[in-house]
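Undergrad:
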Amino acid sequence: MTTGKKYEEYGKDGQWRLTSKGLWVKDEDKSGKKFWRFVSKYLKITNVRQVMETNDVAFTLRYLYQGQYRTEEIIRDQLQLNEFQKLSRKGVDVIYSNVKDILQFLRIQEASAPYETVHNRMGWEEAEDQLYFKHHTIIGNNPPASTYCGDYNIEPKGTLEGWLDIIRSEVIGNTHLELALVFGFSAPVVGLLSKVKDMDTLIVHIYGNSTKGKTTAAQVAVSAFGRPSKNKKGLIKSWSATHNAIVALLRDNYGVPLVLDEASMNTLKDLTSLLYMFAENREKERMTKEGELRKQRSWSTTIISTAEHSLFQKTNENAGLRMRAFEFGNITWTSSAKNSDNLKKGLLENYGHAGIKFVRYLLQLGVEKVVERCEKWKAYCEQNLTKTEFLSRVSEKFGVFLATAEMVNESLGLSLDLESMMNVLYEVEKEAAFEREIGEKAYQYMVERVMRHSKYFRIESQKFDGNECWGKITFRDKVEVSIFPHKFEQLLKEGNFSDPKVVCKEWKQKGYLKTESGKYTNRRKVLEPSDIELRKNSGLEPLAGSKGEDRVYVMVMDKERAEEYGICKILSDKEIARMPRKKNIQEFDSDEWEEVDIGDLN
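Here it is as structure tokens:
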């Protein structure tokens, strides 16, 4: 390329000449006389970008249309006859007669255009035995030069000191906001751990009414790594999207926190499978049109969700999910409206710096020491949290939060209060432990359903005149409630208990279920052989099994507990006659009476 003139020259012997108005090529007529032939209005590649992860090449094409210079982002694939002609719709001066010349020029001119490497993934990546962290630029020991070009605004703004001033004045001293800050910083810790062990993406759900400061807490959480807002490609995204669109937000993120705001806006009726997918760090396996397995995309980070309601209102009652998503409900996150306003204003002016410094500190410590920190705090949680069968798994994740808080203090000179954070985590786990007791919850639910619909059960010693029967209630040492399998499973499903086997396993362990060996069901005689129409109305086969018995689930209840719900046996006259009787008052001797003052009887 030759410059310094009113035109630029390209190619061998300056074959191409580009002015501010148009493109010319050196040509010759039939007589051999050379002349400059006009090709098109001005167009030029002003930037060449190659994506590090895929090697895809893209250009910025500058061109003249209607007297104004415009730009269009194109991929290198478009430097083909048919594809490039489609740019005429954008105002590029290309038609069938000049497209070959234009493409020849651009291929020559491309070589002299400014070139840069870009990346579109975020977080940790290993290359040539080196560990790097992809942020706005790449962080690491002698990292390759590259700039982020993805879907999020993570370019730092303002200053680190400006961000620290806001945090020290508006966050430190408020345990809940300190914890929100830690949620965000935990993302690169989670991403780093996933490189050496199986580590779920952490899911934190903040819920409560609109005056609780949920969104402000979410802004605090992500401000260390990028723009803390919903607009301008910020790190706060909306739940109001399709299943696939939400999953796409997470792809190839190995350490930058993300907020999903207002879960109530999502129209999916059941979020169970989506949350499991979040935690398990990978999308579902899918087939291509050609019948081949599509490449499975993955991630490992921390997701902060917000809503006015519990996330579990839109999930089934599965204990495993409550070990993957942790809820912080009905907490007032900000101390005042002024506190909230100061944070929103300050964090939009200063963001993206602290995360970089924290990642540098993690690299300085090294993976082994980060793992040791997390193990240390996991052990601390195991000693101090409520003892449940899920203690180890919950402690691992809470240990990440506390280890993160400790490393944030060390790297940024802050004074986050780990003891107060632990107190909050203790209360959260105490409540979650109860919610995870699926067996007990399902049992209470089923007893209440039986009581509410007792008219559908044959109750021992009572006449049954219903048109549909769900089972039978009998009285032995304990109360037995026999329920036909199809009705049992229907009732559990209506209560959002998706897996009867999980419920039955816990019931059997607790003695709530009387079963045959190796099964969860039993056999009981519920209906008489003559109840043909009743069997039909009840959704049963026309005939019972041997001895007139049907396969049933047999719930067991203590009589005292049954009576609390109004389930008790009505005694027959013979049973009443056989009951031990107290002496009639006339049968007492006079000396069995105590002397009582008449006044005491008033």
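Quick note on full-length UniProt numbering: the sequence shown kicks off at 1 and runs consecutively. Ideal Cβ positions, reconstructed from N, Cα and C, are used throughout, including at glycine.
(1) For H353 versus T137, is the C-beta distance shorter than 8 Å?
(2) With DSSP collapsed to three states, give me the class of E170.
(3) To the nearest angstrom, how far is it from the Cα of A544 to the Cα of K487?
(4) When the Cα of F185 is compared with those of D198, V204, K195, V196, which residue comes out closest?
(5) Identify, in the order they occur along the chain, each residue of the same chain with its Cβ nearer than 7 Å to the Cβ of E549, setting aside the five sequence neighbours on each side.
(6) Quick check on this structure: which residue in I206, D200, V222 has the alpha carbon closest to the alpha carbon of I167?
(7) What residue does the beta strand (DSSP E) around E429 start on, and which one ends it?
(8) Considering only residues of the UniProt domain "Cch helix turn helix" (438-560), which uninterrupted beta strand (DSSP E) runs meet the minimum length of 3 residues and lie entirely inside it, listed in chain order?
(9) Measure the Cβ-Cβ separation of residue 611 and S454 and say whether it is below 8 Å.
(10) Out of D270, K345, N342, L347, point me to the one whose CA is closest to L311's CA.
(11) What are the residues that DSSP puts in a beta bridge with A113?
(12) Evaluate contact between the stretch 406-417 and the stretch 430-448, counting only Cβ atoms and requiring at least three cross-stretch pairs below 8 Å.
(13) Buried or exposed for W36, please, with buried defined as at least 16 other CB atoms from any protein chain shown within 10 angstroms of its CB.
(14) Are T302 and T216 touching if we call contact CB-CB under 8 Å?
(15) What residues in its chain sit with their C-beta under 6 Å from that of T19, if we drop five residues either side in the sequence?
(16) First and last residue of the alpha helix (DSSP H) that includes G191?
(17) Whose C-alpha, out of Y152, K441, V428, N47, is nearest the C-alpha of F225?
(18) Check the C-beta distance from S264 over to E308 and give it rounded, since I have them as a contact under 8 Å.
(19) Helix, strand or coil for I154, going by three-state DSSP, please let me know.
(20) When you compare only the Cα positions, how much space is there between G140 and E126?
(21) Name, in chain order, the residues that DSSP records as bridge partners for K41.
(22) CB E429 to CB L385, shorter than 8 Å?
(23) Where do the ends of the alpha helix (DSSP H) carrying D341 lie?
(24) So, are the CB atoms of S538 and E468 less than 8 Å apart?
(25) Decide if T334 is buried, meaning its Cβ has at least 16 other Cβ atoms within 10 Å, or exposed.
(26) Starting from the C-beta of L274, find all residues in its chain whose C-beta is less than 8 Å away, skip the five residues before and the five after it, and write them out in chain order.
(27) Can you grab the Cα-Cα spacing for the pair C374 / N253, in whole Å?
(28) Just to confirm, is the Cβ distance from K569 to F464 under 8 Å?
(29) Please check the pair P188 and F358, which I expect to be a contact at CB under 8 Å, by giving their CB distance rounded to whole angstroms.
(30) May I have the straight-line CA-CA distance separating Y553 from G511, to the nearest angstrom?
(31) Starting from the Cα of V57, find the closest Cα among L81, S97, V171, H119 and give me that residue.
(32) Is R360 helix, strand or coil when you go by DSSP?
(33) Is S392 helix, strand or coil by DSSP?
(34) Is the Cβ-Cβ distance between Q85 and Y96 less than 8 Å?
(35) Kindly indicate the opening and closing residues of the beta strand (DSSP E) around residue 611.
(36) Out of Q104, Q15, K157, which one is the CA nearest neighbour of E28?
TA: Let's see:
(1) The sequence position of residue 353 within the sequence shown is 353, counting from 1. The sequence position of residue 137 within the sequence shown is 137, counting from 1. In this structure, T137 does not lie closer than 8 Å to H353 by Cβ.
(2) The residue you call residue 170 lines up with position 170 of the sequence shown. E170 falls in the helix class under three-state DSSP.
(3) Taking the sequence shown and counting its residues from 1, one reaches residue 544 at position 544. Taking the sequence shown and counting its residues from 1, one reaches residue 487 at position 487. In a straight line, the C-alpha of A544 is about 16 Å away from that of K487.
(4) Counting from one through the sequence shown, the residue named residue 185 turns up at place 185. Comparing Cα positions, the closest option is V204.
(5) The residue given as residue 549 occupies position 549 in the sequence shown. Within the same chain, E549 has close Cβ partners R523, R524, K525.
(6) Against the sequence shown, residue 167 aligns to sequence position 167. When only C-alpha atoms are compared, the closest one is V222.
(7) As a working mapping, residue 429 is identified with position 429 in the sequence shown. Element bounds for E429: not the beta strand (DSSP E) but the alpha helix (DSSP H), 418-436.
(8) 457-459, 471-475, 479-483, 522-524, 550-557
(9) The chain is shown only over 1 to 602; residue 611 falls outside these bounds and no answer can be derived.
(10) One-based indexing of the sequence shown puts residue 311 at position 311. Ranking D270, K345, N342, L347 by Cα distance to L311 puts D270 first.
(11) On the sequence shown, position 113 is the one that residue 113 refers to. According to DSSP, A113 bridges with nothing at all.
(12) no
(13) Along the sequence shown, one-based indexing puts residue 36 at 36. Per the 10 Å Cβ criterion, exposed.
(14) What you label residue 302 is simply residue 302 of the sequence shown in a count that begins at 1. What you label residue 216 is simply residue 216 of the sequence shown in a count that begins at 1. No, they are not a contact pair.
(15) By one-based count along the sequence shown, residue 19 stands at place 19. Here the set comprises Y7.
(16) Counting from one through the sequence shown, the residue named residue 191 turns up at place 191. Unbroken alpha helix (DSSP H) run through G191: 175-193.
(17) As a position in the sequence shown, residue 225 is number 225, starting the count at 1. Minimum Cα distance to F225 is reached at Y152.
(18) To locate residue 264, count along the sequence shown from 1; it is residue 264. To locate residue 308, count along the sequence shown from 1; it is residue 308. Rounded, the Cβ-Cβ distance is 6 Å, consistent with contact.
(19) In the sequence shown, the residue the question calls residue 154 occupies position 154. Correct three-state label for I154: coil.
(20) For the purposes of this step, residue 140 is taken as residue 140 along the sequence shown, with counting starting at 1. For the purposes of this step, residue 126 is taken as residue 126 along the sequence shown, with counting starting at 1. In a straight line, the C-alpha of G140 is about 10 Å away from that of E126.
(21) To locate residue 41, count along the sequence shown from 1; it is residue 41. For K41, which the question treats as bridged, DSSP gives the partners G22.
(22) The residue labelled residue 429 in the question sits at position 429 within the sequence shown. The residue labelled residue 385 in the question sits at position 385 within the sequence shown. Going by C-beta atoms, E429 is nearer than 8 Å to L385.
(23) Numbered from 1 along the sequence shown, position 341 holds the residue referred to as residue 341. Unbroken alpha helix (DSSP H) run through D341: 337-349.
(24) Taking the sequence shown and counting its residues from 1, one reaches residue 538 at position 538. Taking the sequence shown and counting its residues from 1, one reaches residue 468 at position 468. Against a cut-off of 8 Å, the Cβ pair of E468 and S538 comes out as a contact.
(25) Taking the sequence shown and counting its residues from 1, one reaches residue 334 at position 334. Buried.
(26) Here the question's residue 274 lines up with position 274 in the sequence shown. If we look at L274 and ignore the five residues flanking it on each side, its Cβ neighbours are H243, I246, V247, L268.
(27) One-based indexing of the sequence shown puts residue 374 at position 374. One-based indexing of the sequence shown puts residue 253 at position 253. The alpha-carbon atoms of C374 and N253 are separated by roughly 21 Å.
(28) The residue labelled residue 569 in the question sits at position 569 within the sequence shown. The residue labelled residue 464 in the question sits at position 464 within the sequence shown. Result no, Cβ atoms of K569 and F464 do not sit closer than 8 Å.
(29) Position 188 of the sequence shown holds residue 188. Position 358 of the sequence shown holds residue 358. Indeed they touch by this definition, with Cβ atoms about 7 Å apart.
(30) For the purposes of this step, residue 553 is taken as the residue at position 553 of the sequence shown. For the purposes of this step, residue 511 is taken as the residue at position 511 of the sequence shown. Their Cα atoms are separated by approximately 13 Å.
(31) Numbered from its first residue, the sequence shown carries residue 57 at position 57. Residue H119 is the option with its Cα nearest to V57.
(32) As a working mapping, residue 360 is identified with position 360 in the sequence shown. If DSSP states are grouped into helix, strand and coil, R360 belongs with the helices.
(33) What you label residue 392 is simply residue 392 of the sequence shown in a count that begins at 1. The answer is helix: DSSP assigns S392 an H, G or I state.
(34) Position 85 of the sequence shown, counted from the start, is the residue given in the question as residue 85. Position 96 of the sequence shown, counted from the start, is the residue given in the question as residue 96. Yes, the Cβ-Cβ distance between Q85 and Y96 is below 8 Å.
(35) Residue 611 lies beyond the stretch modelled for the chain, which goes from 1 to 602, so this question has no answer here.
(36) Walking along the sequence shown from the start, residue 28 turns up at place 28. E28 has its Cα closest to that of Q15, out of Q104, Q15, K157.
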